[in-house]
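Numbering (our numbering), first residue to last: 15 to 433.
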Ligand code: RAT
Ligand code: ZN
């Protein structure tokens, strides 16, 4: 009887919560999308959707084509092959395949026809500027954080030349090469006018790295500094990455009031023949993050972890350190089953003081499916949690739900920057 009553009182509030979750604008805190001024760096359209590296990994589950033959194909030929293997020869029920269909459907295209040439024709008639707006509207996004690397030769030239910024796109300064490939990066910094030394660097080197970070922070108006880290990342350790973090990155972040985003858990190039699709996942010793949060209380850290097995420990760490803000269900964890599990766990341990999702979109159109799928799950979690509150006699107002959802969709993230 009690459960039936609880179920009945759940219904009106469920509709209200779903409406709010579906209509609240989102800040997408980590993507690989670009301001349209970057031209061909901003990927969009059906062929880029199909050759997304998540789908490349999946096509080799079914195809025995040698890797080098696949890579020798043009983008359109690769897309044809992926479409045939993953959508025609088998039903497209994986999350990455379903995502393509959700996107096409919400763009108003008829997926049941299975007509790839017609889909191509439709995309060919779109203009990128209007398509950006359309996708952002369908996804309900108000802001997109990019991943901006001065170490990418094409991207660097665009920044150096200068362009008029699209204010919907904010910058994140990506420094993987600096921290993880110092022997190759140091000579590049020298070529760019920074007086660094590669081996056993003296004090001056760290000052010069700080000057490099300051120049790029200013040039791109970076809102945070970020790095994706291998699962065996340790801090402190007797290596150059530790020194660079301690003597250059963290002081830089403190001086400029920027959070440092760490994303540990990647095992790069587990299968190098798959190229971008060849990275794997590994368990991280989160003591490294604990040492950073405890050792540098004046710094702010943003973190998402790749291994499912690290998620609980990460939540507990966030309960201990208010200079840690956790975000997103990243990459291999961005599947409904795990998004549901991780989001529930985070709400139960952290209330509303985290950011449940980012898209990690590499292709513009992907924001449509990634946010549609995530919003559905987040809404369901909130329905359950607010309903459970209702059973205590606590009544929640529409304004309170709106406030909470705003926090989850970027409000808490951006407030963390300013605190
Ligand atoms: O999710 C992805 O597309 C990965 O390839 C990575 O880019 C990852 O998100 C990262 O930022 O390192
Ligand atoms: Zn990413």
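Yeah, the Cβ is synthetic: ideal placement off N, Cα and C, and Gly gets one too. A quick note: this is a predicted structure, and the numbers were derived from the prediction, not measured.
| field | Reduced DSSP category for residue 249 - H, G, I as helix; E, B as strand; rest coil | value | To locate residue 249, count along the chain shown from 1; it is residue 235. In this structure, residue 249 counts as coil in the three-state DSSP scheme.
| Taking the alpha-carbon positions, what's the residue 110 to residue 50 distance? | Here residue 110 refers to the residue found at position 96 when the chain shown is read from its first residue. Here residue 50 refers to the residue found at position 36 when the chain shown is read from its first residue. The straight-line gap from Cα to Cα measures roughly 24 Å.
| N- and C-terminal bounds of the alpha helix (DSSP H) containing residue 351 | What you label residue 351 is simply residue 337 of the chain shown in a count that begins at 1. Where residue 351 is concerned, the enclosing alpha helix (DSSP H) stretches over 350–364.
| Do you know offhand how far residue 327's Cα is from residue 333's? | Position 313 of the chain shown, counted from the start, is the residue given in the question as residue 327. Position 319 of the chain shown, counted from the start, is the residue given in the question as residue 333. Each residue's alpha carbon lies about 10 Å from the other.
| What is the residue span of the beta strand (DSSP E) that residue 238 lies within? | Against the chain shown, residue 238 aligns to sequence position 224. Where residue 238 is concerned, the enclosing beta strand (DSSP E) stretches over 236–244.
| query | For residue 364, which of 385, 386, 241, 339 has the nearest alpha-carbon? | reply | Position 350 of the chain shown holds residue 364. The closest CA to that of residue 364, considering only 385, 386, 241, 339, is found on 339.
| said: To the nearest angstrom, how far is the alpha carbon of residue 240 from that of residue 166? | reply: Translated into the one-based positions of the chain shown, residue 240 becomes position 226. Translated into the one-based positions of the chain shown, residue 166 becomes position 152. For residue 240 and residue 166, the distance between alpha carbons rounds to 15 Å.
| said: Can you determine whether any heavy atom of ligand 1 sits closer than 7 Å to the C-beta of residue 353, and answer yes or no? | reply: Taking the chain shown and counting its residues from 1, one reaches residue 353 at position 339. For residue 353, the shortest separation between its Cβ and any heavy atom of ligand 1 does not lie below 7 Å.
| message | Does the segment 266–277 come into contact with the segment 290–297, if we say contact requires no fewer than three beta-carbon pairs (one atom in each stretch) closer than 8 Å? | response | Contact between the segment 266–277 and the segment 290–297 is absent, with fewer than three C-beta pairs closer than 8 Å.
| query | Could you give the uninterrupted runs of the alpha helix (DSSP H) lying entirely in the segment 362–429, keeping only those of 4 residues or more? | reply | Those alpha helix (DSSP H) runs which fall completely within the segment 362–429 and span 4+ residues are 380–404, 412–420.
| message | Can you tell me whether residue 353 is buried or exposed? The criterion is at least 16 other CB atoms within 10 Å of its CB, across all chains shown. | response | Mapped onto the chain shown, residue 353 falls at position 339. Buried, by the Cβ-count rule.
| request: Pick helix, strand or coil for residue 220, following the three-state DSSP scheme. | output: For the purposes of this step, residue 220 is identified with residue 206 of the chain shown, where counting begins at 1. Three-state DSSP puts residue 220 in a helix.
| field | residue 374 beta carbon near ligand 2 (any heavy atom closer than 7 Å) | value | Residue mapping note: residue 374 aligns to position 360 of the chain shown, counting from 1. Yes, Cβ of residue 374 sits closer than 7 Å to a heavy atom of ligand 2.
| field | Close Cβ partners of residue 367 (< 7 Å) along its chain, the five nearest in sequence each way excluded | value | Walking along the chain shown from the start, residue 367 turns up at place 353. Excluding sequence positions up to five before and after residue 367, its CB lies within less than 7 Å of the CB of 426, all in the same chain and listed in chain order.
| Among the residues of its own chain, which have a CB less than 6 Å from the CB of residue 314, if the five just before and after it don't count? | By one-based count along the chain shown, residue 314 stands at place 300. Answer for residue 314: 273, 337, listed in chain order.
| task | Pull up the distance between the alpha-carbon of residue 71 and that of residue 410, whole angstroms please. | result | The count along the chain shown starts at 1 and reaches residue 71 at position 57. The count along the chain shown starts at 1 and reaches residue 410 at position 396. For residue 71 and residue 410, the gap between their C-alpha atoms comes out near 45 Å.
| For ligand 1, is there a heavy atom less than 7 Å away from the beta-carbon of residue 160? | The sequence position of residue 160 within the chain shown is 146, counting from 1. It does not: the Cβ of residue 160 is nowhere closer than 7 Å to a heavy atom of ligand 1.
| Nearest-angstrom Cα distance between residue 264 and residue 311? | If you number the chain shown from 1, residue 264 lands on position 250. If you number the chain shown from 1, residue 311 lands on position 297. Annotation: residue 264 to residue 311 spans about 11 Å, alpha carbon to alpha carbon.
| query | So, are the CB atoms of residue 198 and residue 208 less than 8 Å apart? | reply | What you label residue 198 is simply residue 184 of the chain shown in a count that begins at 1. What you label residue 208 is simply residue 194 of the chain shown in a count that begins at 1. Pairing residue 198 with residue 208 gives a Cβ-Cβ distance that is not under 8 Å.
| task | Give the straight-line distance between the Cα atoms of residue 373 and residue 137, rounded to the nearest whole angstrom. | result | Residue 373 sits at position 359 when you count from the first residue of the chain shown. Residue 137 sits at position 123 when you count from the first residue of the chain shown. One C-alpha to the other measures close to 22 Å.
| said: Am I right that residue 255 and residue 187 are in contact with their C-beta atoms under 8 Å? What's the rounded C-beta distance? | reply: Within the chain shown, numbered from 1, the residue matching residue 255 stands at position 241. Within the chain shown, numbered from 1, the residue matching residue 187 stands at position 173. Not really, about 16 Å apart at Cβ, beyond 8 Å.
| message | Please tell me whether, using a cut-off of 7 Å, the distance from the CB of residue 44 to the nearest non-hydrogen atom of ligand 2 is below it. | response | Translated into the one-based positions of the chain shown, residue 44 becomes position 30. Distances from the CB of residue 44 to the heavy atoms of ligand 2 include at least one below 7 Å.
| Is the CB-CB distance between residue 279 and residue 321 below 8 Å? | What you label residue 279 is simply residue 265 of the chain shown in a count that begins at 1. What you label residue 321 is simply residue 307 of the chain shown in a count that begins at 1. It is a contact, given that the beta carbons lie within the stated cut-off.
| query | What is the DSSP secondary structure of residue 42, reduced to helix, strand or coil? | reply | What you label residue 42 is simply residue 28 of the chain shown in a count that begins at 1. In the structure shown, residue 42 sits in a strand (DSSP, three-state: E or B).
| request: Check each candidate in 139, 283, 219 and name the one with the smallest Cα separation from residue 67. | output: By 1-based counting over the chain shown, the position of residue 67 is 53. Distances from the CA of residue 67 to each of 139, 283, 219 were compared; the closest alpha carbon is that of 283.
| query | When the Cα of residue 73 is compared with those of 390, 94, 100, which residue comes out closest? | reply | Working through the chain shown from its first residue, we reach residue 73 at position 59. For the options 390, 94, 100, the alpha carbon positioned closest to that of residue 73 is the one of 100.
| message | With a threshold of 7 Å (Cβ to nearest heavy atom), would residue 123 be considered close to ligand 1? | response | Your numbering for residue 123 matches position 109 in the chain shown. Residue 123 has its Cβ no nearer than 7 Å to any heavy atom of ligand 1.
| query | Taking the Cβ atom as the reference point for each residue, do residue 58 and residue 377 lie within a distance shorter than 8 Å? | reply | Position 44 of the chain shown, counted from the first residue, corresponds to residue 58. Position 363 of the chain shown, counted from the first residue, corresponds to residue 377. In this structure, residue 377 lies closer than 8 Å to residue 58 by Cβ.
| request: Could you please give me the residues that DSSP links to residue 162 through a beta bridge? | output: For the purposes of this step, residue 162 is taken as the residue at position 148 of the chain shown. Bridge partners of residue 162: 187.
| query | Where do the N-terminal and C-terminal ends of the alpha helix (DSSP H) with residue 113 fall, by residue? | reply | The count along the chain shown starts at 1 and reaches residue 113 at position 99. Taken as a continuous stretch (DSSP letters only), the alpha helix (DSSP H) holding residue 113 covers 109–120.
| task | For residue 412, collect the residues of the same chain with a Cβ closer than 7 Å to its Cβ; drop the 5 residues on either side in sequence, then sort them by chain order. | result | For the purposes of this step, residue 412 is taken as the residue at position 398 of the chain shown. Around residue 412: 30.
| said: Rounding to the nearest angstrom, what Cα-Cα distance links residue 360 and residue 375 in this structure? | reply: Residue 360 sits at position 346 when you count from the first residue of the chain shown. Residue 375 sits at position 361 when you count from the first residue of the chain shown. Using only the alpha carbons, I get a separation of about 22 Å.
| Between the Cα of residue 419 and the Cα atoms of 25, 26, 41, which residue gives the shortest distance? | As a working mapping, residue 419 is identified with position 405 in the chain shown. Relative to the Cα of residue 419, the nearest Cα in the group 25, 26, 41 belongs to 41.
| message | For residue 113, count the other beta carbons within 10 Å of its own beta carbon; 16 or more makes it buried, fewer makes it exposed. Which is it? | response | Numbered from 1 along the chain shown, position 99 holds the residue referred to as residue 113. Classification of residue 113: buried, given that the 10 Å Cβ count is 16 or more.
| Considering only residues of the segment 250–321, which uninterrupted beta strand (DSSP E) runs meet the minimum length of 3 residues and lie entirely inside it, listed in chain order? | Positions of the beta strand (DSSP E) runs, each at least 3 residues long and wholly inside the segment 250–321, are given as 274–281, 315–317 in order along the chain.
| query | Cα-Cα, which of 242, 164, 182 is closest to residue 232? | reply | In the chain shown, counting from the first residue as 1, residue 232 sits at position 218. Ranked by how close their Cα comes to the Cα of residue 232, the residues 242, 164, 182 have 164 in first place.
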